[in-house]
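Colleague: Input: one structure, supplied below.
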Amino acid sequence: MSQWRRPARRLASLAFLSVWATIGITAQSTGNKAVGASTAAAGRSVDDPDFARAVKEWTTKPEFSSPLVDHLPKVAGVPSPKDVLGHHIGEPKKLTYYADILKYYRALAAASPRVKVISIGKSNEGRDLVVVFVGADESIKNLETYRGYLAQLADPRPISDTQAREIVAKAKPIYHLSGGLHSGEVGPSEMLMELAYRVAVEDSPFVKKIRDNVIVSITPVADPDGRDRNVDWYYKYGINETEGRTTGAGVPYWGKYIFHDDNRDINYSQIEMRALLDWYLQWHPPIMHDLHQAQTLLYTFSGQAPQNPNLDPILYGELPMMANFEMAQMAKYGMPGVWTHGYVDMWSPGYLAFMSSNHNGMIRMYEIQGTSGANTTKLRLGNPNGPGNGGPSTGSGRAGGPGTAPDAAATTAGRSNQAQRDWFRPWPATGEFDWSLRNNTNYGETGVLTALQYTAAFPNVILENFYQKSRNSINAGKTDAVAGFIIPAGQRDTTRVAVLVNMLRMQGIEVGSAKSEVRLKEGTFPAGSYVVKRDQPYGRLAKTLLEKQTYPDPVTRTYDDASWTMGMMSQTEVREISDKAVLDLAVTPVSADVKLAGTVSGTGPVFAVAHYGSNNMITLRYRLKDLKVQAAEKEFKHGDATFPAGSFIVSGDAAKVRPAVEALGLTAVGLASAPDVPMHDLDLPRVAVYSTWGSTQDVGWVRFAFDKFELPYDLIYKDRVREGNLKNAYDVIVIPHQSGSGKRLVFDIDSRGTPIAYKKSEQFKNLGMYGESDDITGGMGIEGVAEIDKFAKAGGVLVTLGAASFLPAEFGLTPKVDAARTTAAFYSPGAIIDAEILQPENPIFYGYDKKTIPVRYGGGPLLTVQTGANPFDGPPATPPPTPPGVLMRYPGGDDHVLSGLMRGANEIRNRPAIVDQPSGKGRIIMFAGNPCYRWQNFGEFNLLFNTVLNFNDIKTEAPKPAKTDNPAQ
Ligand SMILES: [Zn+2]
798 MSQWRRPARR LASLAFLSVW ATIGITAQST GNKAVGASTA AAGRSVDDPD
848 FARAVKEWTT KPEFSSPLVD HLPKVAGVPS PKDVLGHHIG EPKKLTYYAD
898 ILKYYRALAA ASPRVKVISI GKSNEGRDLV VVFVGADESI KNLETYRGYL
948 AQLADPRPIS DTQAREIVAK AKPIYHLSGG LHSGEVGPSE MLMELAYRVA
998 VEDSPFVKKI RDNVIVSITP VADPDGRDRN VDWYYKYGIN ETEGRTTGAG
1048 VPYWGKYIFH DDNRDINYSQ IEMRALLDWY LQWHPPIMHD LHQAQTLLYT
1098 FSGQAPQNPN LDPILYGELP MMANFEMAQM AKYGMPGVWT HGYVDMWSPG
1148 YLAFMSSNHN GMIRMYEIQG TSGANTTKLR LGNPNGPGNG GPSTGSGRAG
1198 GPGTAPDAAA TTAGRSNQAQ RDWFRPWPAT GEFDWSLRNN TNYGETGVLT
1248 ALQYTAAFPN VILENFYQKS RNSINAGKTD AVAGFIIPAG QRDTTRVAVL
1298 VNMLRMQGIE VGSAKSEVRL KEGTFPAGSY VVKRDQPYGR LAKTLLEKQT
1348 YPDPVTRTYD DASWTMGMMS QTEVREISDK AVLDLAVTPV SADVKLAGTV
1398 SGTGPVFAVA HYGSNNMITL RYRLKDLKVQ AAEKEFKHGD ATFPAGSFIV
1448 SGDAAKVRPA VEALGLTAVG LASAPDVPMH DLDLPRVAVY STWGSTQDVG
1498 WVRFAFDKFE LPYDLIYKDR VREGNLKNAY DVIVIPHQSG SGKRLVFDID
1548 SRGTPIAYKK SEQFKNLGMY GESDDITGGM GIEGVAEIDK FAKAGGVLVT
1598 LGAASFLPAE FGLTPKVDAA RTTAAFYSPG AIIDAEILQP ENPIFYGYDK
1648 KTIPVRYGGG PLLTVQTGAN PFDGPPATPP PTPPGVLMRY PGGDDHVLSG
1698 LMRGANEIRN RPAIVDQPSG KGRIIMFAGN PCYRWQNFGE FNLLFNTVLN
1748 FNDIKTEAPK PAKTDNPAQ
């Protein structure tokens, strides 16, 4: 390696050799003096000697820079980052708050006709979300025209191939860059400011060609709330760390609800992600490039297997082509450690930048070596032949158990040794060296400039491909086996159907409503059924989202979920249609979000509200909190209508009931008197949701769902639990999936002797949000477990989800329940599987009309409930088919895997999925899975909502007292 590394460096430093000239890099001094006429507004540029000196000083080894980024022009009248921020990008121990980042871009836009900033919304905490455009004066002046060209290529149905070629000749690709999706990955959001400035002002032929041929768009910080919180945390704790992380804890929150899952938010639940999608569908950038930092030294995504076969083969050619170009160019500049292929695969469509590939564009992604905050960090890359990479966790690192792990967690083939040479990593970085924020900037900016160089060299190819992929998607709908999907009208619960249709529409998928009854090979469907035809630009995306996921190679692992089938996740009926006649059905386009339209017939004074499984039932209960609401414990009929068990019986003013029921899309009838069925009051519980400090993300998803469905709760932490007296304050405590094991849930972040506070202060305004503590370390501890135990025994209801269900089993709160783990051979990245309801009359299953339902396998504990009270008794002679207290179980086995991948499906055979155990006067309800996973398994939410709403009326067959021949024992 070294024999060609050195000459490469020399080439880069000479920079006059013809090889550079031919690829558009001339010496910066020459290039920058050749000021074009179009820069008149900006004035003449010369290189800033202060910048060159600073960057040289902050770059820890010469090979960690390139001739693209070792200089920066100074232009009178156009502010460089230093002019606004007071320092050059990449200065050690300097991180920029979001307001200052925006201030910089706005100052740049005010000074340069080549930069424009548009607002696209507000973050959860009210920060402006923006997109910054950078390009030639002419491009920025005519942005609308260029947007129009791309829109025509994105939906080419109205145009011919000839017209498309004419548009391609006039259009320019938008190349979208995004930083700061993951708040701990701080470098790219700094770097992008310098990139924007450079693209706007540098007059080297290299940059000029980019500026002329490409429109660069930038999301400066995809999660600005998390950015500011993380920068606060850095200035409070991280800046004083000398090597790696010594505080032992990361900031407890990034965004309001979630951490890394903003890159797994497949249904765009978070408003920041949704704002970007809405922007995307207006602007259609053919490339979206998300900049992360977790790998050594720069990993460039190439779409490796397992790949989603619905995506266009053109894309699978484009991805490695660009990645390999970057790898070759950066090797040429003498930069080691650039690699591709061996990290993230192309299976899950839920990554944020995948919105591009899902819409016939191209997702791109980097993982750039990070630092600990903005501190220069020692990297130890170890033995190139040894196992694993010894580099520190930088960027994403924070406390937290498995399941909340950062980017580096679930590699496709296990984390490969990044110090080792491989065919996809021809020049690994090895040994020990310091790594600085400026190194991170140099790598990121050189990579991005190289990607832009490629795009500027072949803008027409990028655009032709974008057009062709769009055209192919339409054609695929006409020729593929799957021609469309029907979501039949007349489903019991219309609210989840509406949610599903609205989610498809949000993604730009066209949905129609059948004008008359539909007769197809697959059956007859009523008028008003929703029809998704595949011969549309995003027809492939519709297939990806709605079909059953058939995992292509069970031997490979995948980086995220293996399945996401929307009909199963929401437990709504979606029919796959092969009959090509579906393409010609007369439909009325659904041109706006499906509005919920509930019905109320009759006038009361009593109203029966049918429980058809809508998640809005719990919302209704809280909206009618001042009225008496009961649940019918048995099905009853009124006229032609059947009201299933769990239906609400509301006594009260029609003027209150009617609008609430209608707005929530529910079905109610007024009755002269309450029906003659057993009922119980739906008392409103006082609910607490427990969170550790070290693993808040999966709790965040439950909080998000509770907030959306208007279920009030207190978010409590270890300090409140240790205080005790929980039963006086709460009726229900929910411990969401978190931490990975009971022990980690209880002891959480290691205490290293020094308290770590998460509190708001004058200086750190973003800390102490969503809870605060003088010391976030140490966990609830054994004292906390004792208080939880007391809470249940005093009559409280403890609900544990997923991995949190290890706690009651491991700490003896449920003496008859054991929790084990699957073997190493078992592998199931979120398969959708069957679950069998064993006690359908239990209120937890109100609204479910099938005995077997599809659920997402959450990887929680393998539960066992002992059937005998005394293990010395040995097994009973005729064991019951299921132990008492098991309300739902997994049938297990390959036949019950509905979508995605589960290796070793026999390991979960007949394992409990929901267990109810008495505890003193109260009870403990354990979910092995996670009924509130991301914003995805809507069909399961009601298992949790019903548990909360019927907390004091859960009637489970009581465990029979064990028969013992020796009562004295
Ligand atoms: Zn990341």
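For the sequence shown, the positions run 798 to 1766 when the numbering used here is used. Yeah, the Cβ is synthetic: ideal placement off N, Cα and C, and Gly gets one too.
1. Work out the CA separation of A1702 and V1614 for me, nearest whole Å.
2. Considering only C-alpha positions, which residue in the set N1522, D1528, V1531 and T1292 is nearest to L1417?
3. How about G976 and I1015: do their beta carbons lie closer than 9 Å?
4. Please confirm if the segment 1322-1329 is in contact with the segment 1257-1269, defined as three or more CB-CB distances below 8 Å between the two stretches.
5. Please report the residue range of the beta strand (DSSP E) in which L1684 lies.
6. For G914, report the span of its beta strand (DSSP E) as first-last.
7. What does the Cβ neighbour count give for D1545, buried or exposed, with the cut at 16 atoms within 10 Å?
8. Does at least one heavy atom of ligand 1 sit under 8 Å from the Cβ of I1522?
9. Does the distance from the C-beta atom of I1271 to that of G1336 stay below 9 Å?
10. Can you tell me which of G1244, G984 and D1142 puts its alpha carbon nearest to the alpha carbon of K1129?
11. Chain D beta carbons: is any one of them nearer than 9 Å to that of G1114?
12. In its own chain, which residues sit with a C-beta less than 7 Å from the C-beta of N1105, not counting the 5 before and 5 after it?
13. Using only CA atoms, which one of L1074, L1178 and K1312 lies nearest to E1149?
14. If distances are taken between C-alpha atoms only, which option among I1532, A1405 and V1426 comes closest to H1435?
15. What number of angstroms, rounded off, separates the C-alpha of V1543 from the C-alpha of M1577?
16. Take P1688 as the anchor and find which of P1640, I1629 and G1717 has the nearest alpha-carbon.
17. Under 8 Å: does the beta carbon of Q1126 sit that close to some heavy atom of ligand 1?
18. Please confirm whether any heavy atom of ligand 1 lies closer than 8 Å to the CB of L978.
19. Would E999 and P870 be called neighbours here (beta carbons separated by less than 9 Å)?
20. Alpha carbon to alpha carbon, what distance is there between D1750 and S980?
21. When every heavy atom of ligand 1 is checked, does at least one fall within less than 8 Å of the C-beta of Q1090?
22. With three or more beta-carbon pairs closer than 8 Å as the criterion, would you say the segment 1434-1454 touches the segment 1480-1487?
23. Is T1551 helix, strand or coil when you go by DSSP?
24. So what does DSSP say about E1737, is it helix, strand or coil?
25. Just to confirm the assignment, what range does the alpha helix (DSSP H) spanning W1817 have?
26. Note down, in chain order, each residue of its chain lying with its Cβ closer than 7 Å to the Cβ of P1676, except the 5 sequence neighbours on either side.
27. State the Cα-Cα distance for the pair Q1166 and G1228, rounded to the nearest angstrom.
28. Who are K1275's beta bridge partners in DSSP?
29. With a 10 Å radius around its C-beta and 16 neighbouring C-beta atoms as the bar for buried, classify M1118 as buried or exposed.
30. Taking the alpha carbon of L1421 as the point to measure from, which residue in E1737, E1430, D1450 and L1698 has its own alpha carbon closest?
31. Please classify N1037 as buried or exposed, where buried requires at least 16 other C-beta atoms within 10 Å of its C-beta.
32. Out of curiosity, what's the CA-to-CA distance linking I1415 and Q1079?
33. Provide the residue(s) that pair with K1434 in DSSP beta bridges, ordered along the chain.
34. Please give the ranges of any beta strand (DSSP E) in the segment 915-988, keeping only runs that are unbroken, at least 3 residues long and fully inside the region.
35. Using alpha carbons as the reference points, say which of K891, Y1050 and K938 lies closest to D1495.
36. Residues in the same chain with beta-carbon distance under 8 Å from G1768, minus the five sequence neighbours each way, listed in chain order, please.
Modeller: According to the structure shown:
1. Inter-residue distance for V1614 and A1702 is about 22 Å (C-alpha atoms, whole angstroms).
2. Answer by Cα proximity: T1292.
3. The criterion of a C-beta distance shorter than 9 Å is satisfied by G976 and I1015.
4. Three or more Cβ pairs closer than 8 Å define a contact, and the segment 1322-1329 falls short of that threshold against the segment 1257-1269.
5. That run of the beta strand (DSSP E) goes V1683 to Y1687.
6. As written in the sequence, residue 914 is Val, which differs from the Gly given in the question. Residues V912 to K919.
7. By the 10 Å Cβ count, D1545 comes out buried.
8. Sequence inspection shows Asn at residue 1522; the Ile mentioned does not correspond to that position. Incorrect: N1522 has no Cβ contact closer than 8 Å to ligand 1.
9. In this structure, G1336 lies closer than 9 Å to I1271 by Cβ.
10. Measuring from the Cα of K1129, the nearest candidate turns out to be G1244.
11. Of the chains in the structure shown, none is chain D; there is only one protein chain.
12. Its chain contains M1143, W1144, P1146 and T1341 as the residues whose beta carbon lies nearer than 7 Å to that of N1105, once the 5 sequence neighbours on both sides are disregarded; these appear in chain order.
13. Before going further, note that residue 1149 is Leu rather than Glu in the sequence given. Nearest option by C-alpha distance: L1074.
14. Closest option to H1435, Cα to Cα, is A1405.
15. Taking the Cα positions, V1543 is about 5 Å away from M1577.
16. Ranking P1640, I1629 and G1717 by CA distance to the CA of P1688 puts I1629 first.
17. Answer for Q1126: no, Cβ out of range of ligand 1.
18. At least one heavy atom of ligand 1 is nearer than 8 Å to the Cβ of L978, so yes.
19. Contact annotation: E999 and P870 have beta-carbon atoms nearer than 9 Å.
20. Looking at the two C-alpha atoms, the distance is approximately 43 Å.
21. The answer is yes for Q1090.
22. Put simply, the segment 1434-1454 does not touch the segment 1480-1487. Fewer than three CB pairs are less than 8 Å apart.
23. T1551: coil per DSSP, three-state reduction.
24. When DSSP states are grouped into helix, strand and coil, E1737 belongs to the helix group.
25. No statement about residue 1817 is possible, as the shown extent of the chain runs from 798 to 1766 and does not include it.
26. Summary for P1676: the model assigns pLDDT 49, below 50, so the residue's position carries little reliability; its value from the coordinates is reported in the next sentence. Its chain contains T1664 as the residues whose beta carbon lies nearer than 7 Å to that of P1676, once the 5 sequence neighbours on both sides are disregarded; these appear in chain order.
27. The alpha-carbon separation between Q1166 and G1228 amounts to approximately 15 Å.
28. In the DSSP assignment, K1275 is bridged to no other residue.
29. Residue burial annotation: M1118 is exposed, with fewer than 16 other C-beta atoms found within 10 angstroms of its C-beta.
30. Closest option to L1421, Cα to Cα, is D1450.
31. Classification of N1037: exposed, given that the 10 Å Cβ count is below 16.
32. For I1415 and Q1079, the distance between alpha carbons rounds to 36 Å.
33. Paired residue(s): T1439.
34. Taking only runs of at least 3 residues, the beta strand (DSSP E) segments lying wholly in the segment 915-988 are 925-931 and 971-975.
35. Nearest C-alpha to D1495: Y1050.
36. For residue 1768 there is no data in the structure shown, the boundaries of the chain being 798 and 1766.
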